[in-house]
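Chemist: Just passing along the structure, written as structure tokens.
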Amino acid sequence: MATALAVEQGLTRANAPRRAEGRPLIRCATGLHLGDVQYGNIGSRERLDFTVIGPAVNEASRVLSLAKELDLPVLTTAAFAARAPHSRLESLGVHELRGVSEAQEIYALTEMEPVG
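In my numbering, the protein residues as written are 28 to 143.
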């Protein structure tokens, strides 16, 4: 969560002169979820890619898509929110996420202690 906030704070600083000059703003969205993944190198000798796979990866991806759709910078699932006690999160209610069997309660980051 601290990293997501640091990214948002950095974008705010980077966008200040862009906003003043009327240029397009740099935007970023983050979707956070907590779960088990499998990771490793996948491919052949000619082309090897390090990747992560599993239901938790899919769920994080769907939360990211929802963040973009709702135009909110940081969204989390309830599983992640439960592990972020210093964050100020606001429930956005339960949402259906494509490819996820059960609807999930989604939270938006509203405020957190500034990052050094």
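Glycine is no exception: its CB is placed at the ideal position from the N, C-alpha and C atoms.
In whole angstroms, give me the CA-to-CA distance for Ala83 and Met28.
Modeler: Their backbone Cα atoms lie some 17 Å apart in a straight line.
Chemist: With Val84 as the anchor, note down where its alpha helix (DSSP H) starts and where it stops.
Modeler: Where Val84 is concerned, the enclosing alpha helix (DSSP H) starts and stops at 82 to 97.
Chemist: Out of Arg72, Ala43, His60, state which residue places its alpha-carbon closest to the alpha-carbon of Arg7.
Modeler: There is simply no residue 7 to check, as the chain begins at 28 and stops at 143 in what is shown.
Chemist: Which residue wins for smallest C-alpha separation from Glu123, given the options Thr104, Asn42, Arg74, Leu136?
Modeler: Thr104
Chemist: I'd like to know if the region 129 to 138 and the region 46 to 54 are in contact, where contact means that at least 3 CB-CB pairs between them fall below 8 Å.
Modeler: Touching, no, given that fewer than three Cβ pairs across the two stretches are closer than 8 Å.
Chemist: Assuming Glu86 and Val127 make a contact with CB atoms under 8 Å, what is their CB distance in whole Å?
Modeler: 5 Å
Chemist: Considering just the uninterrupted stretch of the beta strand (DSSP E) at Leu102, what are its terminal residues?
Modeler: 101 to 104
Chemist: Helix, strand or coil, according to DSSP, for Gly58 in the structure here?
Modeler: strand
Chemist: Which of the three DSSP states, helix, strand or coil, is assigned to Ala33?
Modeler: helix
Chemist: If contacts are defined as beta-carbon pairs under 8 Å, then Arg125 and Arg89 qualify, I think. What distance do you get, rounded to the angstrom?
Modeler: 6 Å
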